[in-house]
Amino acid sequence: MSAEPTGADTASKPAEARRVEARQHGEAQRAAKRRPFPWVKAAPWLYTIALFAIWEGSVRLFTVPQYVLPAPTVILGAIIDYWPTIWTNSVQTLYTTVVGFLMAVAGGLALGLLVGWSRFIYAGLYPLMIGFNAIPKVAVVPILVIWFGIGDVPAILTAFLIAFFPIVVNVATGLATIEPEMEDVLRALGAKKLDVMLKVGIPRSMPYFFGSLKIAITLAFVGSVISETIAANAGLGHMMLAAQSQFNVPLVFAGLIMLAVEGIAMYALMAWIEKRTTGWAHRSGMAQGN
Amino acid sequence: MDKTRLRRLTGNGQQGTGDVSNHLVTIDDVDMRYGGPAGTLAVSGLSLHVDKGEFTAVVGPSGCGKSTLMKLVTGLHIPQQGVITVAGRQVTEPVSIVGMAFQNPTLLPWRTTLDNILLPLEIVQRHRRRLRANRAEYVERAEHLLETVGLKGFGDKYPWELSGGMQQRANLCRALIHEPDLLMLDEPFGALDAFTREELWCVIRDLHHETDVTIQLVTHDLREAVFLADRIFVMSARPGRIIETHAVPFERPRDLEVMYTPEFTDLVHELRGLIAAARTEQLEAAQ
Chain A
1 MSAEPTGADT ASKPAEARRV EARQHGEAQR AAKRRPFPWV KAAPWLYTIA
51 LFAIWEGSVR LFTVPQYVLP APTVILGAII DYWPTIWTNS VQTLYTTVVG
101 FLMAVAGGLA LGLLVGWSRF IYAGLYPLMI GFNAIPKVAV VPILVIWFGI
151 GDVPAILTAF LIAFFPIVVN VATGLATIEP EMEDVLRALG AKKLDVMLKV
201 GIPRSMPYFF GSLKIAITLA FVGSVISETI AANAGLGHMM LAAQSQFNVP
251 LVFAGLIMLA VEGIAMYALM AWIEKRTTGW AHRSGMAQGN
Chain B
1001 MDKTRLRRLT GNGQQGTGDV SNHLVTIDDV DMRYGGPAGT LAVSGLSLHV
1051 DKGEFTAVVG PSGCGKSTLM KLVTGLHIPQ QGVITVAGRQ VTEPVSIVGM
1101 AFQNPTLLPW RTTLDNILLP LEIVQRHRRR LRANRAEYVE RAEHLLETVG
1151 LKGFGDKYPW ELSGGMQQRA NLCRALIHEP DLLMLDEPFG ALDAFTREEL
1201 WCVIRDLHHE TDVTIQLVTH DLREAVFLAD RIFVMSARPG RIIETHAVPF
1251 ERPRDLEVMY TPEFTDLVHE LRGLIAAART EQLEAAQ
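These protein sequence lines are chains A and B, in that order.
Those letters in the first sequence? Residues 1 to 290, by our numbering.
Those letters in the second sequence? Residues 1001 to 1287, by our numbering.
Here it is, written out as structure tokens:
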């Protein structure tokens, strides 16, 4: 018992720590202090709190007018005041985003496999896809409105169009980077193209695919909000546009905060799915030959 | 694994009898050109034969078409000219009686070592049909192979939990799981440290000793070739052909100590001279 209790000892043997504390008050206190605070785990929260604190402090210190930049507390007030509106529109945006995103996942995965399958398809489609991706999606929304009218469909399709590309590229990359030796080993055994794809190509491209989901979901939000801002009767984009026309700046910012919250939540979900499905790629470092 | 051992029956006269019926691989005056009619001629006028159960090595200056030779024998490439016969049949498509191992172990990181070893069985036609029903039997075979190469108990580890030498051992198991008649090794020990390499030489030596598998080893390590092989083919510079065939006289099974005998050193030295000459020829031709 003469040994100094370390932080770990205190954690694993609370009874012993208490006895030590009773006998040697000062030393035990120092021991408790030495228990390492999980700085890294707390970092996201600390930084977020710091950001809002600085924001609040600056707005108050420089008496920034509310119509330029409302303080976080004012935005929080707006969120509470307008909660029913905000909630409905948040759900609407989440709905169009997720539907568009799921379409992008299905379409992107299918096209990515197709492009990665054959050099002919790859060579033919790649310039087209680059060109298509270069078109600002804002420019496409009016066309979608002409075709489908104002409502959910243009928002869903814009989300789909913008989220589609990174998924295709990533899946195709995963397929294109199969080691030639691996392919030789299998082909020498009589493997057909389909065998190589099923046994090696598709599992191999999964980390790329799940990695691209994080990018795709964030882009899907961009797409749906753009569309809602241009032509919609509902959704956070529409709500913010309406609030802006009424100079209700706190409500505009409340919309931004809700978008950020939804974005973080969906991103976290994608990161979790990625980790669950392709843990091998994160532990090995072998598959990350990109 | 208890088939008749042709090699044993012939004592240590493993020098290629010239008896055609005993040939597992025959390459007859083969030309292989990459990239169309105006492309690079990788091998030209290549001829050799390998007997059943024999251990041969192919050495030569770099870029001489050693790997092309491997791809020709396995049917991954079909030559423009000449005939390749494996197990009595002309090669016109990949031959599934071959197992291959490269310098890069290429184990799939999402499969355990055991599942990696079982992968060829999911491909080779005669096995894939019975794999599901007879899985236990195949797993037992894989476990046995793991034990042979000194990886007993590592079957449920993932490849990235194994060292480079262990991955290469698992790679050998994968090349052997479908009981190939011919094992083609393309510089499989090139990336390993000297001691691990020697260990694996012994593993290969024992595998060859215990089964009747025919092994062809492509290497640029001359000591490796002399230690392991019954016969050594020396290739010329590109376009590659066989310029000399060397029988290795040492009695089997060989001990690592054989490498420190004067006869061994002389043979390595002689081979080195041949390859150096081929290289010089290539350099002169380039100038």
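Just so it is clear, CB atoms sit at the ideal spot from N, CA and C, and this is done for glycine as well.
In this structure the stretch 1235-1253 of chain B touches the stretch 1036-1053 of chain B; the number of beta carbon pairs closer than 8 Å is three or more. Assigned with DSSP and collapsed to three states, PHE1250/B falls in coil, not helix or strand. The Cβ atoms of PRO1120/B and ARG1169/B do not sit closer than 8 Å to each other.
Per DSSP, the unbroken beta strand (DSSP E) holding SER1047/B starts and ends at 1040-1051. GLU1140/B is the residue among GLU1140/B, ARG1089/B, GLN1081/B whose C-alpha sits nearest the C-alpha of ILE1117/B. Under the three-state reduction of DSSP output, ALA1285/B falls in the helix class. Following the DSSP letters along the chain, one finds ARG1231/B inside the beta strand (DSSP E) bounded by residues 1231-1235. Nothing from the stretch 150-168 of chain A brings a Cβ to less than 7 Å from some Cβ of chain B. Along the stretch 1080-1101 of chain B, going in chain order, the ones with a CB nearer than 9 Å to a CB of chain A are GLU1093, PRO1094, VAL1095, SER1096, VAL1098, GLY1099, MET1100, ALA1101.
CA-CA distance, ALA1136/B to ASP1115/B, rounds to 12 Å.
Judged by DSSP secondary structure, THR1214/B falls within the beta strand (DSSP E) whose first and last residues are 1214-1218.
Between GLU179/A and VAL200/A, the alpha-carbon positions lie close to 10 Å from each other. Between the alpha carbons of MET1166/B and ASN1022/B lies a gap of roughly 35 Å. Within the same chain, Cβ atoms closer than 8 Å to the Cβ of GLN1080/B are found at ASP1031, MET1032, ARG1033, the five residues on either side in sequence being excluded.
Against chain A, the CB of VAL1218/B has no partner CB under 8 Å away; the residue lies outside that interface. In chain order, ILE162, ALA163 place their CB closer than 6 Å to the CB of LEU219/A, counting only its own chain and leaving out the 5 sequence neighbours on each side. Ranked by Cα distance from PHE210/A, the first of LEU198/A, VAL169/A, ARG187/A, GLY223/A is VAL169/A. Interface annotation, ALA188/A: in contact with chain B, CB-CB separation under 8 Å. The contact set of VAL200/A on chain B, defined by CB atoms closer than 8 Å, consists of LEU1108 in chain order. In the DSSP secondary-structure assignment, GLY1240/B is bridged to VAL1043/B. At a beta-carbon threshold of 9 Å, the residues of chain B lying near ALA281/A are PRO1109, TRP1110, ordered along the chain. DSSP places ARG1129/B in no beta strand (DSSP E) but in the uninterrupted alpha helix (DSSP H) bounded by 1125-1131. For LEU219/A, DSSP assigns no beta-bridge partner whatsoever. Taking a C-beta distance under 8 Å as the contact criterion, THR93/A and SER227/A do not qualify as a contact pair. With a threshold of 8 Å between beta carbons, THR1040/B makes no contact with chain A. With contacts defined by Cβ atoms closer than 8 Å, TYR208/A and GLY174/A form a contacting pair. At a cut-off of 8 Å between beta-carbon atoms, PRO1120/B makes contact with chain A. Assignment of ALA232/A by DSSP, reduced to helix, strand and coil, places it in the coil class. The three-state secondary structure of VAL1083/B, taken from DSSP, is strand.
LEU1222/B is classed as buried because its beta carbon has at least 16 other beta carbons within 10 Å across all chains shown. Check the Cα spacing between LEU69/A and each of VAL115/A, LYS275/A, ALA260/A, LEU256/A: the tightest is with LEU256/A. Listed in chain order, the non-local C-beta contacts of PHE1102/B below 6 Å within the same chain comprise ASP1186, local neighbours out to five positions each way being set aside. Around the C-beta of ARG60/A, fewer than 16 other C-beta atoms lie within 10 Å, and the residue is accordingly described as exposed.
Residue environment for GLU1257/B: exposed (fewer than 16 other C-beta atoms within 10 angstroms of its C-beta). Burial state of LYS1066/B is buried, judged by a 10 Å Cβ sphere holding 16 or more other Cβ atoms. Listed in chain order, the positions of the stretch 1066-1078 of chain B with a beta carbon within less than 8 Å of a beta carbon of chain A are LYS1071, THR1074, GLY1075, LEU1076.
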